[in-house]
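In order, the protein sequences belong to chains A and B. Each residue of the first sequence is one higher than the one before, counting from 4 in the numbering used here. Each residue of the second sequence is one higher than the one before, counting from 4 in the numbering used here. Glycine included, every Cβ here is placed at the ideal spot set by N, Cα and C.
2 protein chains.
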Amino acid sequence: MPRPSETRFAPRTGESRLDFDPAARPDAGVVFIGRIRSPWGIDDCPKNLRAARETGQGARFEIDAAYRAGLEGIAPGDRLVALYWMAEAPRDLIRQKPRHRDRATGVFALRSPARPNPVALGVVRCVSIDAARGVIEVDAIDAFDGTPLIDIKPFVEAVDTPDSAG
Amino acid sequence: MPRPSETRFAPRTGESRLDFDPAARPDAGVVFIGRIRSPWGIDDCPKNLRAARETGQGARFEIDAAYRAGLEGIAPGDRLVALYWMAEAPRDLIRQKPRHRDRATGVFALRSPARPNPVALGVVRCVSIDAARGVIEVDAIDAFDGTPLIDIKPFVEAVDTPDSAG
């Protein structure tokens, strides 16, 4: 069976791959705490969170029953850092050439979902929360419907923005 | 053998645990792409990135040989989002009472390293980089020496800060 990067993500000039699939040799395991429900599929998903906000379309986090006690203390208006798992992206494209760039670049200098650990990061706003049912409405998200969630954290301005030097 | 949360992280009033250990039933795997080298151990680690910056002490990311091609395009002065794996924290404390709070709160409303997926997030500045050797010097970090790294991303102001409403 071809690896995902050999099909949907066909290599472009200058791209290179790891000689192994990171998914095949994990150092630790992640659990899915719930799923993102969004209006987006592969053909219309906004390419980043700014573009997602500009659509005016909200999204919903659905948290599995086991993890709902962890939502206590989240309130409407809170700014949240969501971490989600881009499960469909190949993990072995270590240098990539995005369509909007003229040459290939290392994956750690890109926000591509295709990376050794496909953890995406989105800073969103909590519109409403029903902790007992495990539902958080958020202002926007740049992920397909059904994308697994792995963490939610409070956004803290003083630690989540860089220092102002330079 | 006791789980970690039964020893170093003794339960406090109002805390509660999952009835399983997330580490024991992974949905997906992460790879360690390298390690953080820092001046910090369990007794003196700054509790967040702001406190780490205030010490004036820098830190270093050491990226494993297999992943170094992914560093191409990172330059001194760049702001980076680092994701790291707080491997020593228990993963089952779903409600926690931090010492500085008067009651227990859901883990997803806290920045505690003890969480179902112990992925910590730090926005740092690249001071210098030697991509061939896999070394990035950064301005500060709030993690023990030896903490595994799982991802590095460019920080993008427009997507990594919340909208200004509310």
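Taking a C-beta cut-off of 7 Å against chain B, the contacting residues of the segment 60-88 of chain A are A69, Y70, A72, G73, L74, E75, G76, I77, G80, R82, V84, L86 and W88, listed in chain order.
Per DSSP, B/D154 is one residue of the beta strand (DSSP E) stretching across P151 to P157. In the three-state scheme derived from DSSP, where H, G and I count as helix and E and B as strand, A/G73 is classed as helix. Around the beta carbon of B/F111, 16 or more other beta carbons sit within 10 angstroms, so the residue counts as buried. For the segment 21-40 of chain B, residues whose beta-carbon sits nearer than 9 Å to a beta-carbon of chain A comprise L21, D22, F23, P25, A26, A27, R28, P29, D30, A31, G32, V33, V34, F35 and I36. Closest by C-alpha distance to A/R98, out of A/W88, A/A117, A/A92 and A/E75, is A/A117. Within the segment 147-160 of chain A, P151, I153, D154, I155, K156, P157, F158, V159 and E160 place their CB atoms closer than 9 Å to a CB of chain B, listed in sequence order.
Boundaries of the beta strand (DSSP E) around B/D133: V122 to D133.
Cβ atoms of B/G32 and B/A143 stay farther apart than 8 Å, at about 29 Å. Among the residues of the segment 113-136 of chain A, those with a Cβ less than 8 Å away from any Cβ of chain B are L113, R114, R118, P119, N120, V122, L124, G125, V126, V127, R128 and A134, in the order of the chain. With its beta carbon less than 8 Å from one in chain B, A/P165 belongs to the interface. Taking all protein chains shown into account, A/R102 has fewer than 16 neighbouring C-beta atoms within 10 Å of its C-beta and is therefore exposed. The bridge partners DSSP lists for B/Q99 are B/T108. Taking all protein chains shown into account, A/K156 has 16 or more neighbouring C-beta atoms within 10 Å of its C-beta and is therefore buried. Look at A/A54 here: in three-state DSSP terms it is helix. Beta-bridge partners assigned by DSSP to B/F35: none are found. According to DSSP, A/A143 shares a beta bridge with no other residue. For B/P119, the closest C-alpha among the options A/G76, A/A69 and A/D105 is that of A/A69. For the set A/S115, A/D24, A/V122 and A/E75, the Cα lying nearest the Cα of A/D154 is the one of A/V122. Less than 8 Å separates the beta-carbon of B/L96 from that of B/R20. Restricting attention to B/I36, B/F35 and B/G59, the CA atom closest to the CA of B/P42 is found in B/G59. The C-beta of B/R56 has 16 or more other C-beta atoms within 10 Å across all chains shown, which makes the residue buried. Within the same chain, and ignoring the five residues on either side of B/M89 in sequence, the residues whose Cβ sits closer than 6 Å to its Cβ are P116, P121 and A123. Chain B places no beta carbon closer than 8 Å to that of A/A92, leaving this residue out of the contacts.
Annotation: Cβ neighbours of A/I97 in chain B (cutoff 7 Å, chain order): Y70, A72 and G73. Annotation: A/D163 to B/F158 spans about 10 Å, alpha carbon to alpha carbon. Annotation for A/E65: the continuous beta strand (DSSP E) segment containing it runs A62 to I66. Residue nearest to B/D148 within the set B/R136, B/V34, B/R128 and B/D46 is B/D46 (criterion: CA-CA distance). As computed with DSSP, B/A85 is found in a beta bridge with B/G125 and B/I155.
The alpha carbon of B/R82 has as its nearest neighbour, out of B/D22, B/A107 and B/S131, the alpha carbon of B/S131. Inclusion of B/K100 and B/E18 in the CB contact set at 8 Å is warranted, their separation being smaller than that value. Relative to B/D67, the option among B/Y87, B/G37, B/L74 and B/G73 whose CA is nearest is B/G37.
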